[in-house]
Structure formats: C-alpha cells, structure tokens
Amino acid sequence: MASTIRVRAVASGGTTTVQSLIRHPMDSGFVKNKKTGKIIPAHFIQVLEFEHGGKTVFTALWGPAVSKDPYVKFSFKGGKKGDPLKVSWVDNKGESDSLTAKIQ
Amino acid sequence: MLRKLCIAVAIVAGTAQPLLANKIDPKADQQAFQNYFKKRFPKVQFNDFVNGPYSMDAGLRKQWKAIDAFPPYQFAVEKGEKMFKTPFKNGKTYADCFPNKGIGIRQHYPMFDAKLGTVITLEVAVNQCRVKNGEKPFNAKKGDMAAITAYMAWTSRGKLMDIKIPDDPRALAAYEKGKEYFYTRRGQFNFSCASCHVQSAGMHIRTEVLAPALGILNALPIYRSNWGGIVEYRNLEYFLSYMANGLPISGPGARP
Amino acid sequence: MSDFSDAPVVRRTILKGALAGGLVGLGLGSFPFPAFAADAKGWPADAFKHKSEADTLKALYGKTAEPSDKINLDAPEIAENGAVVPIAVSSTLPKVTGIAVLVLKNPNVLAAAYKIPEGTMASVSSRLKMAKTGKVVAVVESNGKLYSATKDVKVTVGGCGG
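Residue numbers (this note's numbering), protein chains in the order written: chain X, 1 to 104; chain L, 1001 to 1256; chain A, 2001 to 2162.
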C-alpha cells in the first residue's frame, strides 16, 4: 500500500531543508456530513516526528486546526545527500505511518 | 455599491461583442479577445493569465504559490497516474485510445468530433475510451474522473492551448453557441459570464478577485472549487479554450 | 517543469496502534524541554482544549508570553480560503526550543506546537484552518522564556467547513 507520507529533503551548505506533505483527512470533529447530517468524527494527526542520525530533529504536535493533507517545512543543521531521514506520525485513532526517505 | 456595479456592468455589457449574424470568424474573435485583455492589463505577463485571480492580486498570488509549491492535489495526480496505467478488464489501457499514448495531449481538448458531429471534452473522451473497452463511464463530477484528468493535465503542463475549429459548419455552430452562452445575460442579477470575467475582470467582489476570462480554463481540473464540481458545458468550453490558444496549460489547479 | 520528485524511499513500514507507544520511545523525552501534561504519545491533550491564549500557554509551557519584534509571523492579510492558510514563523531569538501557533477565533486556539531541538532552525511553515477573521499568534520559547507576535488575518470563506 502506498505511504501517506511525501518528503522533499535537500541538503545545501551544511543545512537540510525538509518539506513534507501527508495524505490525511485532518477531520476536526466540527463538520457535519452534508448527506447524513451527522458529525464527521475528529480524525487528525497528533504527533509527527523527523529523525536523522539517530536523533529527533523536529516534532510537530498537531491539533485538528491543521489543514487537510497537512504540510510542514523546517530546516536543521547537518545532513548530507544520501542520508536517511525517518518520518513517522500517529493520529488520534492510534493509526500511524512511517517512511524513511533519502536526503538529496 | 453592488447596485452601482450592476448598472455600470449593464451599460458596458450592452456595448460589448455584438454577435456576428453573417460570418463566424473565431480567429478574429480570438485576436480581439486577447488584445482586450492585454490592453486592459498591460502589467500582466501574457502567460500569467492562466493563473486567474493570482495574476490579478499579489496577496492571493503569494498564498497560492505557497500551496502550489507542494500541493495537496499531488495525491490526486498520483491516483490518476495509477488509474491511467491500470489496464481495463479486456487488457487494453487508456493509452490505446489517445494519440501519444494520452501523455501531453490535454491542450487539444475540447475538440470537434466530425463523426459524432459534436464537441468532445477530455472528460467525454475518457468515458468514450472506457465504454469502448467494456467499462462503465465515470460520473464526471466525482473523484475518479478528476484524478485521471488531473494526471493528464499534469503531463501537459506548459504545453500551449491548441484548439482546432475545423471549417465544418457544425463545428463553427458549436463554437458560436459557446460564445453566445458566454455573452448572454441570465439569472437574478442579469449577469453574463462576460459581465464579471470580461468587463469586471480583476475587480474585487467582497474579497474574491474575478479571474479574467482569458486563460480561465487552462488550470482545469480545479481542486476544491466552491462551485461544487467541474463546469462541463462543452460548447462554452470549446469557445473559451479557443480564446486561450497560445497560453500554457497550468492544470491541475489549486483554488479555494 | 517541476515534478513530484520526492526523496527516494529506502524503507517503509506501516505501524499499527500497538506500536505507536514505540514511536514515543524513539525521540520524545530525549532532549531537554519543559515537560507538559501529555498522553502516552507525548501529545499535550489539555493544551489543545483551551479558548484563550493565556490558558493555552499556561497548559503548554507553564508561562505567559511577552511581545517580541524578533519573531517574524508571515500570514496573509486576507486569507483566500480559511481551510488552508499558509503560515510561517521564524525567529532570531537565541536558543529556541519551541514554536507554537494560536488562532484566537478558532473553537480551540492552539493550532500547532513544534519542538525545536538544538541544531534545528527556529523556522516553521505550515497550513492551518481559521474559522473566521481574527488574530494569529506566534509564540516562541527562547532561553526558557516565552515571546509572541500577533497578526490580524481576515477570513471570508471559513475554514471549518462552514
């Protein structure tokens, strides 16, 4: 099954810039299904982590106000082309996904 | 304010584009259409018209660029690619129905089908392909169709719109019908498409910016459109696409 | 023509609920930053429930914030679509360990909080939902203290599906 995680990680001048887009509904729990009139239950990523060289380089703690198919961009010192970068998330339903990408 | 706008628009619209009763001349229409917008918006780079409201407003442009840098429609394009490459039950694929295996051809649609005697849009062509190969057609307003056309638009990004209107009275009539639809006033405000997208192009309606009609379809399919789906009026699409010949395909498009 | 060439995949694993605890063991808690009330995943559930800036920051960091001009909060003046508002926060403050973004007119004001370990830049971009016109507050934790910057954002098409 295809991963929900997409990553673009580029190393340049001693810094790695990471952008990630994740396929996830990020339902807030405030919206009604237009057909049934029932509330669509909250379903959103809570914790998103990035690891490089055995160290966590970034953690996102998200709530339902983060947009659907969420995006994040950050940078960290270090990392070089070819290094693995691990991305993992877990949501409020206990679902999760993880991907190891290569820094370009 | 809105009333004054209505009056101003009605006056201007009355003086716009008279319908040619005698000769249908799409090429002349196209020159006039493109010249109108070039003259009205001299600071807009010609190719930028395909970005609709984003060519008109810096604040909106910045937000769109931020999202388009890593766009959520990426998932639809990936899904579309997978669907496009998956064979039908009979073993054939979409590539068998289209020239160039269906890659980089979006700019040719809509096209006039001489055998059927009607204009066919890309969505119609996709469904023709499906039916021809024993599959059920897609509901054109739902996700599957949008995913496939998003992929096909993606492979055609940058290609210049290239709509052909053959010297066939039926094709010319279809083009003329589309043009007539565009300029005809309707609805409770008595606006035509032109009222907003020609006369008032670039103006703000509350905080939305009216996209100029030139290039307005180059970013199809549009993602998350608040019109609730893809506008599928074939003749209108034929007319508007022809008006945009020479402008690059910019789809799929991220819009609110 | 740009393409979707993402960093190539080396290995993918799909974890299920039971392994989520393992996720926490990987990184959270291994670097110094103020502990807050968090669940098993390290998610500060309480902080996401508040309706005021003060209560949220108290729950999240145990402090209040003072305004700083060393925080750059990039948000549109008029959000085209409240469901997807691109917001970027960066700061020149020293020793930044956390960044948070609050949307004051949202049902719960905390939108996102980020942990910035040493070696990671004090800069985050994301896309947030805004229910209606109001203030966005960027909070930066630097040297153990909290600083903030605020911006007014107009929203016409609300971001909560309304």
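In this text, a Cβ means the ideal position worked out from N, Cα and C, and glycines have one as well. No experiment lies behind these values; they were computed from the predicted model shown.
**Asked** Listed from N- to C-terminal order along the chain, which residues in the region 2071-2082 of chain A have their beta-carbon within a distance smaller than 8 Å of any beta-carbon of chain L?
**Response** Within the region 2071-2082 of chain A, 2076, 2077, 2078, 2079, 2080 and 2081 place their CB atoms closer than 8 Å to a CB of chain L, listed in sequence order.
**Item:** Contacts around residue 1064(L), its chain only, beta-carbon distance under 6 Å, and the 5 residues preceding and following it disregarded
**Value:** Around residue 1064(L): 1054.
**Request:** Identify each residue in the region 1065-1085 of chain L for which the Cβ-Cβ distance to at least one residue of chain X is less than 7 Å, and report them in chain order.
**Result:** 1070, 1072, 1074 and 1075
**Asked** At least one CB of chain A closer than 8 Å to the CB of residue 42(X): is that the case?
**Response** no
**Item:** Reduced DSSP category for residue 1197(L) - H, G, I as helix; E, B as strand; rest coil
**Value:** helix
**Asked** Under a three-way DSSP split, which group does residue 71(X) fall into?
**Response** strand
**Distance CB(residue 39(X))-CB(residue 97(X)) smaller than 8 Å** = No, these two residues do not count as a Cβ contact at 8 Å.
**Prompt:** For residue 2156(A) and chain L, any beta-carbon pair shorter than 8 Å?
**Reply:** yes
**Message:** Taking the straight line between their C-alpha atoms, what separation do you get for residue 1192(L) and residue 2070(A)?
**Reply:** 50 Å
**Request:** With 8 Å as the C-beta to C-beta threshold (strictly closer), list the residues of the region 2089-2117 of chain A near chain X in chain order.
**Result:** 2103, 2106, 2107, 2108, 2110, 2111, 2112, 2113, 2114, 2115, 2116 and 2117
**Request:** Determine the direct distance from the alpha carbon of residue 28(X) to that of residue 2083(A), and round the result to whole angstroms.
**Result:** Near 11 Å, if we compare the C-alpha coordinates of residue 28(X) and residue 2083(A).
**Message:** What does DSSP give as the partner residue(s) for residue 8(X) in the beta ladder?
**Reply:** 19(X)
**Request:** Check whether the Cβ of residue 1146(L) lies closer than 7 Å to any heavy atom of the ligand FMN, and answer yes or no.
**Result:** The ligand FMN is not among the ligands present in this structure, which contains no ligands whatsoever.
**Prompt:** To which residues of the same chain is residue 2106(A) closer than 6 Å at the C-beta, ignoring the five residues directly before and after it?
**Reply:** 2131
**Asked** Hey, would you say residue 2063(A) sits closer than 8 Å to residue 90(X), going by beta carbons?
**Response** Cβ distance not < 8 Å, so residue 2063(A) and residue 90(X) don't count as in contact.
**Prompt:** From the beta carbon of residue 1107(L), is the nearest beta carbon of chain A less than 8 Å away?
**Reply:** no
**Request:** Could you work out which residues of chain L lie near residue 19(X), taking near to mean beta carbons separated by less than 7 Å?
**Result:** 1070
**Request:** Please confirm if residue 1279(L) has its CB atom under 8 Å from at least one CB of chain A.
**Result:** Only positions 1001 to 1256 of chain L appear in the structure, and residue 1279(L) is not among them; the question remains open.
**Request:** Use the C-beta contact count for residue 69(X): other C-beta atoms within 10 angstroms, 16 or more gives buried, fewer gives exposed.
**Result:** buried
**Request:** Would you mind stating whether residue 2124(A) and residue 2075(A) have Cβ atoms separated by less than 8 Å?
**Result:** no
**Item:** Buried or exposed by the 16-neighbour rule on C-beta atoms within 10 Å, applied to residue 1067(L)
**Value:** buried
**Request:** Specify the secondary structure class of residue 1067(L) as computed by DSSP and reduced to three states.
**Result:** In the three-state scheme derived from DSSP, where H, G and I count as helix and E and B as strand, residue 1067(L) is classed as helix.
**Message:** Using a Cβ-Cβ cutoff of less than 7 Å, which residues in the same chain neighbour residue 1099(L) once the five nearest sequence positions on both sides are dropped?
**Reply:** 1105
**Item:** Pairwise C-alpha distance: residue 1094(L) and residue 1085(L)
**Value:** 7 Å
**Prompt:** In chain L, which residues lie less than 7 Å from residue 2086(A) when you measure between Cβ atoms?
**Reply:** 1063, 1066 and 1067
**Message:** Using CA atoms only, rank isn't needed, just tell me which of 1118(L), 1153(L), 1199(L) and 1173(L) is closest to residue 1222(L).
**Reply:** For residue 1222(L), the nearest C-alpha among the options comes from 1153(L).
**Request:** Could you have a look at residue 1012(L) and say whether DSSP puts it in helix, strand or coil?
**Result:** In this prediction, residue 1012(L) scores a pLDDT of 48, lower than 50, which makes its location untrustworthy; the coordinate-derived value is nonetheless stated afterwards. Residue state, collapsed to three classes: helix.
**Residue nearest to residue 48(X) in terms of C-alpha spacing, selected from 87(X), 93(X), 55(X) and 103(X)** = 87(X)
**Prompt:** Whole-angstrom Cβ separation of residue 2109(A) and residue 2056(A), contact assumed at under 8 Å?
**Reply:** 5 Å
**Asked** Looking at residue 2113(A) and residue 2073(A), is the spacing between their C-beta atoms short of 8 Å?
**Response** no
**Message:** So if DSSP puts residue 1052(L) in a beta bridge, which residue, or which two residues, is it bridged to?
**Reply:** For residue 1052(L), which the question treats as bridged, DSSP gives no partner whatsoever.
**Prompt:** residue 1074(L) lies in the beta strand (DSSP E); which residues open and close that run?
**Reply:** Where residue 1074(L) is concerned, there is no enclosing beta strand (DSSP E), although the alpha helix (DSSP H) it sits in stretches over 1074-1085.
**Prompt:** Does DSSP classify residue 59(X) as helix, strand or coil?
**Reply:** If DSSP states are grouped into helix, strand and coil, residue 59(X) belongs with the strands.
**Request:** Determine the chain A residues that contact residue 70(X) at a beta-carbon separation under 8 Å, and present them in chain order.
**Result:** 2126 and 2127
**Request:** Measure from the alpha carbon of residue 1030(L) to the alpha carbon of each residue in 1241(L), 1200(L) and 1206(L), then state which is nearest.
**Result:** 1241(L)
**Item:** Backbone CA spacing between residue 1165(L) and residue 64(X) [nearest angstrom]
**Value:** Approximately 50 Å between the Cα atoms of the pair.
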